[in-house]
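Some notes on the structure that comes next.
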Amino acid sequence: FAGQGSDVLKLVLGVLLVVLVIRIAEWIPFAGGFIAWLLLLLSFAFAGGAIVLALRPGTPDVEPAAAPTGPPL
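Structure (structure tokens):
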């Protein structure tokens, strides 16, 4: 994603990747359902934690880093 500037594209591809991994995990015999449930729980916990951190008061606004000024490689 180095050349992509779209955060929405990154979000959608990340969600699709999580769904694909969970669907693959469901095919594992015996423990697949538990593994899929655990992956869903972890992804929800990370999303909830990110929302809490983003909405926490006192969080300074971080400006994006300046682009490199050297010649293109």
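Under the working numbering, residues 36 to 108 are what the sequence shown spells out, in order. The C-beta atom is built at its ideal place from N, Cα and C for all residues, glycine as well.
- Annotated as distal: residue 56 and residue 76, with beta-carbon spacing of 8 Å or more.
- Straight-line spacing of the CA atoms in residue 72 and residue 86 works out to 21 Å.
- Taking 4 residues as the minimum length, the segment 69-99 contains no alpha helix (DSSP H) run wholly inside it.
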